[in-house]
Amino acid sequence: MQNLVNDTPTPKRNYEFVDAIRCIAMISIVAEHSISFDEHVYHPTDTLSKVVFATFMQLVKFGTINFFLLAGFLIGEKFTDYSPLEYLNRRVKNTFMPWVFWSLFFLTIMIVTDFISAYRFNNGHLDKNYSDDLIDHLKAIYLYSNYWFIPNFLCCITVLLIFRKYLYSYLFGAILLIFTSVYVINIYGQWVDARHSTAILGFVFFLWLGAQFNRNLTSIEAWLGKTPVLIWVLAAIIALVCGVRESLFLKSIYSIDPYNSLRISNIFYSLICFFLLLKIKSFKLVTCLKPRETTYGIYLIHYILIAMVLTEIFRPLKFDVTNLPLIKLVGYQILRFIIVYTTTFVIVTLINRTRFKWSIGR
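Here is the structure:
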């Protein structure tokens, strides 16, 4: 077998904490998608409501970057244990094919919904410009929903495969950081689409950085051992406040994505959260969620529930989110998250017991 980095097999190490942190990161991503509202749905005018909403959004915003860090953390060993073709085959089987299945399932639901609406309200006729609607559906799924992640991730992996000889080169890391910095600056300039979901090369740096964390894990753990948890908690709070302030500023200048994962404040917040979780390391409660078996399936399915089911659950109540008292709004957000995560977890657990468990990958 031709190794991707060197010819020395990597000794197997116990990385249970990676599964735990990945599970927590996924919980944060589900929470982010569950509690967020489009601008036309929720547009508070008072400062307190704006700050509280931005705080909730920022609090759970560490998940995306942490996922890239964790993938990079494991990638060095994968590059050693598998040839390029073997590694890509594993990614296609365990990651890409389940993604194709569920994203097409999502698209099918959208199209069926359109046909039902046409039958009920337009004498069974689709709009003459339905091809434009279909293109909008494709953009919504593959660019602006959670399904942006896997193509972006595979592009990042491909970059590291092409330049695998430089995986541990700091010069290579600096070049990747420049690409990330361009996307960071573009959040303000908006010369191209400023959404983080379209930042094709914006996250490669975090894969590379995760690989460095793995290579220097012993030193990092020794360093973390010398710092109390309270220091990391305080650092996370400071970064949280900075993230809230930055997102509010971006909203004030009408940014298309004020909660962008690649905001400089959120990059620091995500890194601090990563080190805090690595410092704690043991999460016994998380093991009950069977992260290795459920995390990817939850990623694949949860957004479909938010987009197609959650709306119908609350539609009969006919309330205006913007006019809800703040305490009720917070309760509504928490309830949405509980419904989405619990339902998705149950669905994934049930699928895991059938012959269709291939559809939720690993």
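The sequence shown begins at 1 in UniProt numbering and counts up one residue at a time. No residue lacks a Cβ here, since even glycine has one placed at the ideal position from N, Cα and C.
265 is the residue among 79, 234 and 265 whose C-alpha sits nearest the C-alpha of residue 249. Here DSSP, grouped into helix, strand and coil, assigns residue 226 to coil.
Residue 282 carries a coil assignment under DSSP once its states are collapsed to helix, strand and coil. Taking the C-beta atoms as reference points, residue 242 is found no nearer than 8 Å to residue 66. Membership of residue 97 in the alpha helix (DSSP H) is indicated by the continuous run 97-121. Bounds of any alpha helix (DSSP H) do not take in residue 194, whose DSSP letter is neither H nor E. About 7 Å separates the CB atoms of residue 256 and residue 190; that is less than 8 Å, so the two are in contact. Between the stretch 219-227 and the stretch 169-176, the count of Cβ pairs shorter than 8 Å is below three; the stretches do not touch. Of 165, 195 and 208, the smallest CA-CA separation from residue 178 is found for 208. Taking C-alpha positions only, residue 285 is separated from residue 341 by approximately 16 Å. Secondary structure at residue 304: helix, using DSSP grouped into helix, strand and coil. Cβ-Cβ distances below 7 Å link residue 343 to 305 in the same chain, with the five nearest sequence neighbours on each side left out; the list follows chain order. In the same chain as residue 17, and ignoring 5 residues on each side of it, the C-beta atoms closer than 6 Å to its own belong to 281, in chain order. Contact fails between the stretch 43-58 and the stretch 181-195, because fewer than three Cβ pairs, one in each stretch, are under 8 Å apart.
Where residue 140 is concerned, the enclosing alpha helix (DSSP H) starts and stops at 130-142. Distance from the Cα of residue 350 is smallest, within the candidate group 238, 323, 149 and 297, for 297. The continuous alpha helix (DSSP H) containing residue 25 extends over residues 16-35.
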